[in-house]
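Here the structure is laid out as structure tokens; the discussion comes afterwards.
Numbering (the numbering used here), first residue to last: 1 to 143.
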């Protein structure tokens, strides 16, 4: 893979901050992640260019809240660092593989990201993604 451009790294950071903002707003983390990764907002971020990409995390969160008719508060709350890392890695994953957010979520859901953070957050993003894909394939092919 070619090195990510500055703009793409900024979008990874924006998505990381979006996930962190969901944590700050005390949204149920697994439900937020599932809603986002399957949303029109995530699809807009997956696009080559969409105005939403440069709207900022607060605006994206408002759009998602409107799209879902209200995100659920409380419930299961992950660590703040887990949320930022998951958001960043999910966006990086899109650039690394070309997969949509929806496809990525099918491979690594919120629970997988929460469980993987401790061992993977210090890895290079591409290495963490490769490992997450390998874990998914091992689960898939288990007899």
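Every residue gets a Cβ at the ideal spot worked out from N, C-alpha and C, and that includes glycine.
Here the structure is a predicted model, which means the values were calculated and not measured.
So what's residue i in DSSP terms, helix, strand or just coil?
i, result
"residue 27", "strand"
"residue 73", "strand"
"residue 3", "coil"
Classify residue i: buried if its beta carbon has 16 or more other beta carbons within 10 angstroms, exposed otherwise.
i, result
"residue 92", "buried"
"residue 138", "exposed"
"residue 69", "exposed"
"residue 75", "exposed"
"residue 27", "buried"
"residue 17", "buried"
"residue 118", "exposed"
"residue 6", "exposed"
Among the residues of its own chain, which have a CB less than 7 Å from the CB of residue i, if the five just before and after it don't count?
i, result
"residue 38", "102 and 105"
"residue 80", "20 and 23"
"residue 61", "18, 21 and 22"
"residue 32", "22 and 71"
"residue 36", "42 and 64"
Assuming residue i and residue j form a contact by the criterion Cβ under 8 Å, report the distance between their Cβ atoms to the nearest whole angstrom.
i, j, result
"residue 86", "residue 127", "Between residue 127 and residue 86 the Cβ distance is about 16 Å, and since that is not below 8 Å, they are no contact."
"residue 133", "residue 107", "6 Å"
"residue 53", "residue 11", "6 Å"
Which residues in the same chain have their Cβ closer than 6 Å to the Cβ of residue i, if we skip the five residues on either side of it in sequence?
i, result
"residue 129", "93 and 96"
"residue 100", "46"
"residue 57", "14, 17, 18 and 21"
"residue 82", "114 and 117"
Which residues in the same chain as residue i place their Cβ atom closer than 8 Å to its Cβ, once the five residues preceding and following it in sequence are excluded?
i, result
"residue 43", "100, 101 and 102"
(message) What ranges does the alpha helix (DSSP H) occupy inside the segment 44-88, keeping only unbroken runs of at least 4 residues that lie completely in it?
(response) 57-67
(message) At 3 residues or longer, what runs of the beta strand (DSSP E) sit wholly inside the segment 84-135?
(response) none
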